[in-house]
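Participant: Here the numbering used here is used: the first residue of the sequence shown is 15, the next is one more, and so on. Yeah, the Cβ is synthetic: ideal placement off N, Cα and C, and Gly gets one too. Computed from a prediction, not measured in an experiment: that's the story for all the values here.
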Amino acid sequence: MRLPETQLALLEAASATETKTVAQLAEELGEDPAAVTRAAFELAEEGLLAVEEHVAETVTLTEEGRRYREGGLPELRLRTAAAEAGADGSAVEMGQLIGDAELDGPEVDIALSNFARKGYGEIDGGAVTLADDPTYDPDADPEAEALEAVANDEAGYLDSGVLDRLESRGLLERTETTVRSVTLTDEGVTALMEGVEAAETVGAITPELLTSGEWTDVEFAEYNVEADAETTYGGKEHILRRTANRVKDVLVGMGFREMEGPHADADFWINDCLFMPQDHPARTHWDRFAMDVPPMEDLPEDLVERVEDAHRNGVGPDGDGYHSPWDEGFARAVALRGHTTSLSMRYLSGHAVGDLEPPQRYFSVQKVYRNDTLDPTHLLEFFQIEGWVMAEELSVRDLMGTFTEFYEQFGITDLEFKPHYNPYTEPSFELFGKHPETGELIEIGNSGIFREEVLSPLGVECDVMAWGLALERLLMLMYGFEDIRDVHGTLCDLDLLRNVEVVY
Ligand SMILES: N[C@@H](Cc1ccccc1)C(=O)O
Numbered sequence: 015m016r017l018p019e020t021q022l023a024l025l026e027a028a029s030a031t032e033t034k035t036v037a038q039l040a041e042e043l044g045e046d047p048a049a050v051t052r053a054a055f056e057l058a059e060e061g062l063l064a065v066e067e068h069v070a071e072t073v074t075l076t077e078e079g080r081r082y083r084e085g086g087l088p089e090l091r092l093r094t095a096a097a098e099a100g101a102d103g104s105a106v107e108m109g110q111l112i113g114d115a116e117l118d119g120p121e122v123d124i125a126l127s128n129f130a131r132k133g134y135g136e137i138d139g140g141a142v143t144l145a146d147d148p149t150y151d152p153d154a155d156p157e158a159e160a161l162e163a164v165a166n167d168e169a170g171y172l173d174s175g176v177l178d179r180l181e182s183r184g185l186l187e188r189t190e191t192t193v194r195s196v197t198l199t200d201e202g203v204t205a206l207m208e209g210v211e212a213a214e215t216v217g218a219i220t221p222e223l224l225t226s227g228e229w230t231d232v233e234f235a236e237y238n239v240e241a242d243a244e245t246t247y248g249g250k251e252h253i254l255r256r257t258a259n260r261v262k263d264v265l266v267g268m269g270f271r272e273m274e275g276p277h278a279d280a281d282f283w284i285n286d287c288l289f290m291p292q293d294h295p296a297r298t299h300w301d302r303f304a305m306d307v308p309p310m311e312d313l314p315e316d317l318v319e320r321v322e323d324a325h326r327n328g329v330g331p332d333g334d335g336y337h338s339p340w341d342e343g344f345a346r347a348v349a350l351r352g353h354t355t356s357l358s359m360r361y362l363s364g365h366a367v368g369d370l371e372p373p374q375r376y377f378s379v380q381k382v383y384r385n386d387t388l389d390p391t392h393l394l395e396f397f398q399i400e401g402w403v404m405a406e407e408l409s410v411r412d413l414m415g416t417f418t419e420f421y422e423q424f425g426i427t428d429l430e431f432k433p434h435y436n437p438y439t440e441p442s443f444e445l446f447g448k449h450p451e452t453g454e455l456i457e458i459g460n461s462g463i464f465r466e467e468v469l470s471p472l473g474v475e476c477d478v479m480a481w482g483l484a485l486e487r488l489l490m491l492m493y494g495f496e497d498i499r500d501v502h503g504t505l506c507d508l509d510l511l512r513n514v515e516v517v518y
């Protein structure tokens with residue numbers, strides 16, 4: 015019998031009486047564990063080896079865990095400092111103990127909360143009194159002992175309660191690994207007795223084989239594509255980016271052109287052009303990410319005048335303004351845009367690409383910034399799918415039809431519409447879609463037909479319908495995750511991002 019080199023070496027190193035792990039064998043043979051695993055499965059396929067698998071837990075200390083193992087748990091250091099300062103008799107000033115125990119930064123809180131949890135004593139009015147516990151032994155703290163055991167690879171002997179505790183303190187990490195062990199089968203023993211030789215096949219292509227041209231003559235070992243192998247994760251496009259690109263393709267396919275423009279912009283473009291009164295709650299410092307930069311000089315003077323006039327006096331013979339203050343300085347102040355409707359204003363005004371004649375369709379898929387409270391459906395920044403259509407005659411039916419067509423491309427066919435209010439559109443409505451997992455209706459966008467008070471100062475004489483849709487919410491409907499923070503930000507779920515299926 016002939017076998018490729020690694021398989022032969024493995025067969026000879028395996029034993030019929032003693033189970034050996036792949037890791038052990040790889041070390042013994044000086045081979046890469048992945049190559050040994052592959053060889054083991056190939057031999058198992060031939061019936062020469064038996065492979066067994068079990069899941070093992072490995073426990074390792076975190077950086078913080080290692081620090082406490084060296085320097086002592088913060089609460090024990092506090093306990094010892096208190097005992098040395100005589101806190102078993104009378105209360106001792108906390109500040110002094112913190113200094114004595116050399117507790118620093120977050121360690122102080124960690125020490126205090128665990129001190130209380132372990133019942134070491136009382137903390138009252140900034141002073142510490144130790145509880146009278148004659149059985150207390152500073153050298154026998156179960157958590158400190160467990161840190162030591164984990165460091166010495168002896169976690170297997172520990173009670174799972176103390177491991178849970180240390181894990182929740184962030185002092186250790188548990189990971190599951192598949193351990194594979196092999197034994198020689200009877201057939202394997204027979205084959206070895208009859209004699210096995212190394213086949214002259216090549217297991218892997220090398221740079222040498224390529225440059226020498228030898229690769230054209232050698233025989234390659236068969237590759238078992240079914241053999242279990244370690245998962246490797248290549249780089250790939252994030253689903254958010256992928257969906258953003260898909261949204262762009264869909265909109266371009268629907269005849270739209272892409273808008274571009276600044277993330278930090280004058281309030282004029284973000285709000286004033288939209289007939290948002292300057293005392294609107296969304297324009298206060300609570301909701302606005304103001305930038306500490308000089309005001310924007312480059313605004314079209316005549317447009318500024320017309321917008322101010324619309325705010326003060328309204329538009330048309332029956333128009334009525336806001337009767338509230340309007341300050342040009344505030345209009346020129348720069349903030350992070352809370353929506354990309356600022357871009358729509360730049361384009362509709364003719365400031366971005368010159369005057370536009372109907373019909374026109376424009377879109378953008380870009381980031382916007384809002385001072386929201388973080389929760390499963392809100393982040394401080396998200397991607398908005400902005401868009402507008404300019405034409406002689408438009409109605410809500412056109413708007414609904416556009417959304418129906420757009421969302422159908424993503425498999426979303428059960429949109430719901432709800433009347434809404436925006437200072438800049440009339441009529442306005444919000445869009446909802448059903449979450450595939452929870453069945454809950456979630457808001458996915460806001461839309462409407464721009465008012466005269468917006469269009470007239472911009473010099474637009476026909477109808478314009480417009481919208482802002484949340485890309486992340488579209489993703490929730492497509493992929494079924496429930497927390498936006500799984501997808502981006504520091505809490506993102508790496509497994510989800512690695513394994514999520516591509517949905518079109
Ligand atoms: N600016 C709105 C979306 C919108 C754009 C244009 C017209 C109507 C609504 C938002 O951010 O919610």
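How many whole angstroms separate the CB atoms of Ser-442 and Ser-470, which I take to be in contact at a CB cut-off of 8 Å?
Facilitator: Rounded, the Cβ-Cβ distance is 18 Å, inconsistent with contact.
Participant: Might you give, ordered along the chain, the residues of its own chain that have their beta carbon closer than 6 Å to the beta carbon of Phe-289, omitting 5 neighbours on each side?
Facilitator: Closer than 6 Å at Cβ, skipping near neighbours: Pro-437, Tyr-438, Glu-467, Val-468.
Participant: Based on Cα-Cα distance, which residue from Ser-127, Asp-281, Ser-358 lies nearest to Arg-183?
Facilitator: Per the Cα distances, Ser-127.
Participant: Span of the alpha helix (DSSP H) holding Leu-42?
Facilitator: A quick correction: the sequence has Glu, not Leu, at residue 42. Segment 36-43, the alpha helix (DSSP H) holding Glu-42.
Participant: Take Asp-497 and list the residues in its own chain whose beta-carbon comes closer than 6 Å to its own, dropping the five residues that flank it on each side.
Facilitator: Correct list, in chain order: Pro-390.
Participant: Exposed or buried, Asp-306, counting other C-beta atoms within 10 Å across all chains shown (16 or more means buried)?
Facilitator: Burial call: exposed.
Participant: How is Val-12 classed by DSSP in three states: helix, strand or coil?
Facilitator: Nothing about residue 12 can be read from this structure; the chain reaches only from 15 to 518.
Participant: Would you check if the region 134-151 and the region 86-105 touch, i.e. whether three or more CB-CB distances between them fall below 8 Å?
Facilitator: Short answer: they touch.
Participant: Helix or strand or just coil, what does DSSP make of Ile-456?
Facilitator: DSSP places Ile-456 in strand when its eight states are reduced to three.
Participant: Going by beta carbon distance, what residues of the same chain come within less than 7 Å of Leu-111, once the five residues before and after it are set aside?
Facilitator: Leu-92, Ala-95, Ala-96, Ala-99, Val-142, listed in sequence order.
Participant: Would you tell me roughly how many angstroms separate the C-alpha atoms of Ala-130 and Tyr-150, rounded to the nearest one?
Facilitator: Rounded to the nearest angstrom, the two C-alpha atoms are 15 Å apart.
Participant: Under the three-state reduction of DSSP, which class applies to Leu-508: helix, strand or coil?
Facilitator: DSSP places Leu-508 in helix when its eight states are reduced to three.
Participant: Classify Ser-409 as buried or exposed, calling it buried when 16 or more other Cβ atoms lie within 10 Å of its own Cβ.
Facilitator: Classification of Ser-409: exposed, given that the 10 Å Cβ count is below 16.
Participant: Between the beta-carbon of Leu-491 and the beta-carbon of Ile-399, is there less than 9 Å?
Facilitator: Result no, Cβ atoms of Leu-491 and Ile-399 do not sit closer than 9 Å.
Participant: Could you work out which residue in Pro-148, Ser-174, Thr-192 is closest to Ala-160 when comparing CA atoms only?
Facilitator: Among Pro-148, Ser-174, Thr-192, the Cα nearest to that of Ala-160 is on Ser-174.
Participant: Return the chain-ordered ranges of every alpha helix (DSSP H) run that is complete within the region 330-361 and spans a minimum of 4 residues.
Facilitator: Counting whole runs of 4 or more residues, the region 330-361 contains the alpha helix (DSSP H) stretches 342-346.
Participant: So, using beta-carbon positions, are Gly-415 and Tyr-376 closer together than 9 Å?
Facilitator: No, the pair does not count as a contact, with Cβ atoms beyond the cut-off.
Participant: At which residues does the alpha helix (DSSP H) containing Asn-436 begin and terminate?
Facilitator: Run containing Asn-436: none in the alpha helix (DSSP H); it sits in the beta strand (DSSP E), 430-436.
Participant: Using the C-alpha atoms, what's the distance from Ala-58 back to Gly-248?
Facilitator: Between Gly-248 and Ala-58, the C-alpha separation is close to 29 Å.
Participant: Does ligand 1 have a heavy atom nearer than 8 Å to the CB of Glu-400?
Facilitator: Checking the Cβ of Glu-400 against ligand 1 gives yes.
Participant: Between Glu-395 and the rest of its own chain, which residues show a CB-CB distance below 6 Å, the 5 nearest in sequence each way excluded?
Facilitator: Cβ within range, chain order: Lys-381, Tyr-383.
Participant: Does the distance between the C-beta of Val-550 and the nearest non-hydrogen atom of ligand 1 fall short of 8 Å?
Facilitator: Since the first residue of the chain shown is 15 and the last is 518, residue 550 is not available in this structure.
Participant: Please confirm whether Asn-166 and Arg-302 have their CB atoms less than 9 Å apart.
Facilitator: No, the Cβ-Cβ distance between Asn-166 and Arg-302 is not below 9 Å.
Participant: Residue range of the beta strand (DSSP E) that Gln-398 falls in?
Facilitator: Looking at the DSSP string, the run of the beta strand (DSSP E) that includes Gln-398 is 395-405.
Participant: On a Cα-Cα basis, can you pick out the residue from Pro-47, Ala-324, Pro-314, Asp-293 that is closest to His-365?
Facilitator: With distances taken between Cα atoms, His-365 lies closest to Pro-314.
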